[in-house]
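As given, the protein sequences belong to chains A and B, one line each in that order. Sequence positions in the first sequence follow our numbering and run 1 to 139. Sequence positions in the second sequence follow our numbering and run 1001 to 1185. Think of the CB as a built atom: it goes at the ideal place given N, C-alpha and C, for glycine as much as any other residue. Since this is a predicted model, take the numbers as computed values, not measurements.
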Amino acid sequence: MRLRRLVLGALLAVLGAMASASPRYDYLLHCGGCHLENGSGAPPEVPDLRADLDTIVAIPEGRAYLAQVPGASQAPFTDAQLAAVLNWILATFNPELGEFQRYTAEEIAGYRGRTLMNPLKYREEIWDAAAAARGTAGY
Amino acid sequence: MRGSAQGDLMERVLGGMDRLTAGTSRLLANSTSRRSFLGRFGAGLAGMGAFPMLPVFREAAAAAEVPELGDPNSCDYWRYCAFSGSLCGCCGGSPTQCPPGSETASVAWVGTCHNPSDGKDYLISYNDCCGKSSCGRCGCHRSEGDKPVYFPSKSNSILWCFGASSHAYHCTLSLVIGEAESTAG
């Protein structure tokens, strides 16, 4: 009985590992079409993920925004997957951040629960606030 | 006085140019045939088609190791599992290169297809070639994984030429951008 439970547990763990792809794969499949493999995007329509993210995540609203922007919030990811993809983006495209506070699934769930009614307008406000917090003008 | 000196100079220069042109033409006529010129000119024209595509051939490194099986001009070809549009191979280009005169859209929609020859799954980037009127040949619409327009990043109904300077759709490429690390993702 105990052995059976153990085997079942191991099987579930393997299935779980199979179901969750690597963050890089998730990024390429669901984000990379527009943000491109190297994160450069096509500004101004598609933001460059190698620029400004370090400034944005420095303020709480900006940190939340990265999970709330429709492309992220509405991607077919679980909260854990989205957390992993955002962590991967920050670590890969913004190495200047060094050690940073990693997103958790619980944190993402909170952000995703608050829909942005006007993402573009909100984004401008966030960007200004983030730039001001950093002591630079504009972004 | 000054005017006539300038006239002399002009005459000398023009005369020199005449002689040079005539000499070169004669040399060319003696040493080459019209056919060889036409042949080289034709090769040049055909080769020029490759230039606009050079910078967009991003997947060369990844594609080198991907074993291919089947006819790239058939809708059944493995790379086209999520394809919707005209095959660039039927429009003067290839599955990885836009036809001359069209421009590759930088943004694309990405899907995963199973390669039967090595049993692996690959991430395929479907980049549209834009800036030229619709090719219309080899229309393929397998569209596996296609979502309604309320899911724009995975919708084939979106005009993916929005990532190019002209929004006129011509045909679609199928670029391998990597190996899928998980099939269930």
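Taking the alpha-carbon positions, what's the residue i to residue j distance?
i	j	result
B/G1101	B/K1132	7 Å
A/N38	B/M1010	58 Å
B/S1117	B/G1070	9 Å
B/P1072	A/R50	36 Å
B/Y1150	A/G135	39 Å
A/N118	B/Y1077	42 Å
B/L1020	B/T1096	46 Å
B/G1119	A/L116	42 Å
A/E61	A/A84	19 Å
B/A1108	B/D1128	7 Å
A/Y122	A/C34	21 Å
B/H1167	A/R63	34 Å
B/L1028	B/A1022	10 Å
B/P1067	B/L1123	14 Å
B/R1035	B/G1042	10 Å
A/A75	A/A133	29 Å
B/S1125	A/S40	16 Å
B/A1061	B/I1177	Per-residue confidence for B/A1061 stands at a pLDDT of 47, beneath the threshold of 50, marking its modelled position as unreliable; the derived number appears in the next sentence. Spanning the two alpha carbons is a distance of roughly 9 Å.
B/G1039	B/R1026	20 Å
A/D26	A/G113	21 Å
B/L1087	B/S1094	8 Å
B/C1091	A/N87	42 Å
B/L1175	A/L28	13 Å
B/G1163	B/S1106	5 Å
A/A58	B/H1114	41 Å
A/N94	B/Y1080	34 Å
DSSP has residue i in a bridge; who is on the other side?
i	result
B/S1084	B/H1141
B/D1128	B/T1172
B/W1109	B/Y1126
B/G1178	B/L1123
B/N1115	B/K1120
B/E1103	B/C1130
B/S1025	Its beta-bridge partners do not exist; DSSP assigns none.
B/S1094	B/Q1097
Which chain B residues sit within Cβ distance under 9 Å of residue i?
i	result
A/V85	Those within 9 Å of A/V85 in chain B number zero; the least Cβ separation is about 11 Å.
A/L49	Residues of chain B passing the Cβ test: none, with the nearest at roughly 14 Å.
Run through chain A and tell me which residues come within less than 7 Å of residue i, C-beta to C-beta.
i	result
B/V955	There is simply no residue 955 of chain B to check, as chain B begins at 1001 and stops at 1185 in what is shown.
How would you list, in chain order, the residues of chain B whose beta-carbon sits under 8 Å from the beta-carbon of residue i?
i	result
A/L28	V1110, L1123, I1177 and G1178
A/A42	S1106, V1107 and G1163
(request) Check whether the region 116-129 of chain A touches the region 93-100 of chain A, taking contact to mean three or more Cβ pairs, one atom from each stretch, closer than 8 Å. (result) no
(message) Just to confirm the assignment: which complete alpha helix (DSSP H) runs, minimum length 4, are found wholly within the region 15-47 of chain A?
(response) 23-30 and 32-35
(message) I'd like the ranges of any alpha helix (DSSP H) spanning at least 4 consecutive residues and lying wholly in the region 65-133 of chain A.
(response) 70-73, 79-93 and 105-112
(request) May I ask you to verify whether the region 1168-1183 of chain B touches the region 50-62 of chain A, counting CB pairs closer than 8 Å and requiring at least 3? (result) no
(message) For the structure I just gave you, are there three or more beta carbon pairs, one from the region 1075-1093 of chain B and one from the region 1135-1142 of chain B, closer than 8 Å?
(response) yes
(request) Please list the residues of the region 1085-1115 of chain B that have a C-beta atom closer than 7 Å to any C-beta atom in chain D, keeping them in chain order. (result) The structure shown has no chain D; the protein chains it does contain are A and B.
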